[in-house]
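Chemist: Heads up: the sequence shown is residues 367 to 559, going by this note's numbering.
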Amino acid sequence: MSLIQNIKSSAGNYFLSEEVKSLNRSKMFVNMQDAKTVGIVFNATDSDDFELVKKYITYLREMKKRVKAIGFYDQKNIPALAYSKLEYDFFCRKDLTWYNAPKSIYVKNFMDDQYDILLDLNMDDVFPLRYISSLSKASFKVGKKSDRNNSIFDLMIETTEGKGLKYFLRNIDTYLFIINKKHDKQVTVNDLD
367 MSLIQNIKSS AGNYFLSEEV KSLNRSKMFV NMQDAKTVGI VFNATDSDDF ELVKKYITYL
427 REMKKRVKAI GFYDQKNIPA LAYSKLEYDF FCRKDLTWYN APKSIYVKNF MDDQYDILLD
487 LNMDDVFPLR YISSLSKASF KVGKKSDRNN SIFDLMIETT EGKGLKYFLR NIDTYLFIIN
547 KKHDKQVTVN DLD
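1) Considering only the beta carbon of each residue, do S502 and G405 sit closer than 8 Å?
2) Considering Cα atoms alone, identify which of Y541, K420, D415, E453 is closest to G509.
3) For L485 and I423, I'd like the C-alpha separation in whole angstroms.
4) Kindly indicate which residue of N537, L531, R391 has the alpha-carbon position closest to the one of M489.
5) Taking Q441 and R459 to be in contact with their CB atoms under 8 Å, please state how far apart those CB atoms are, rounded to whole angstroms.
6) Tell me whether the beta-carbon of I518 lies closer than 8 Å to the beta-carbon of S499.
7) Run the CB neighbour count on P445, radius 10 Å, all protein chains shown included, and call it buried at 16 or more, exposed below.
8) Does DSSP classify V473 as helix, strand or coil?
9) What is the C-beta distance between E453 and K434, in whole angstroms, given that I count them as a contact (C-beta under 8 Å)?
10) With DSSP as the reference, identify every bridge partner of R432, one or two as the case may be.
11) Tell whether a beta-carbon distance below 8 Å holds between K430 and D482.
12) Give the C-beta separation of F456 and A410 to the nearest angstrom, bearing in mind that I take them to be a contact with Cβ-Cβ under 8 Å.
13) If we call anything under 8 Å between Cβ atoms a contact, is L487 one with F543?
14) Return the chain-ordered list of same chain residues with a C-beta closer than 6 Å to the C-beta of A377, the five sequence neighbours on each side being excluded.
15) What's the gap between the Cα of S368 and the Cα of E428?
The structure is reproduced here in structure tokens:
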């Protein structure tokens with residue numbers, strides 16, 4: 367990583383940690399059966415992963431969940447897409463501050479919505495997506511297990527190297543259908559075995 371990238375990364379992490387201190391959200395364990403609203407954060411850059419996310423959103427809608435997704439394109443501009451603004455919002459590099467925090471109104475609105483469940487499908491620890499998940503006011507946040515994510519997620523799911531998003535979505539689904547709302551602490555998948 368170059369010196370400039372190190373400075374941007376350090377500044378981004380610093381500003382994010384300061385904003386997280388003032389975050390006010392009501393944590394509540396919510397399983398998939400009880401959830402009415404689901405927010406999804408994902409990297410839209412990879413077209414195969416985007417197709418998986420679209421299929422998963424269709425699956426959730428078939429279960430009568432209200433779903434909103436926000437995707438990040440790691441490009442200067444968002445490709446021309448014909449997706450409903452009711453389902454998806456997108457942002458790209460030009461929508462970031464100098465320290466890589468998203469600054470779009472779509473992102474702010476997404477973070478302010480109080481989803482029952484937030485699913486972070488950020489498999490590569492992309493900072494703008496981690497920023498959104500960190501500051502989301504969702505009741506129950508679910509994401510990939512890592513030391514960096516301990517303070518972000520209420521449920522962390524371990525991933526096997528090389529398994530990809532499809533495997534991760536399958537695990538999310540499995541655990542969100544078996545989770546019991548009586549938990550009052552952070553849970554990792556190993557705790558549920």
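Just so you know, even glycine gets a beta-carbon here, dropped at the ideal spot from N, CA and C.
Just so we're clear, the structure is a prediction, and the values are computed from it rather than from any experiment.
Modeler: Reading off the structure:
1) yes
2) Y541
3) Here the alpha carbon of L485 sits roughly 11 Å from the alpha carbon of I423.
4) The shortest C-alpha separation from M489 is found at L531.
5) 6 Å
6) yes
7) exposed
8) helix
9) Taking C-beta atoms under 8 Å as the contact rule, E453 and K434 qualify, at a distance of about 7 Å.
10) T403
11) Note that the C-beta distance between K430 and D482 is not below 8 Å.
12) Cβ-Cβ separation between F456 and A410: approximately 6 Å, consistent with a contact (criterion under 8 Å).
13) no
14) Y465
15) 46 Å
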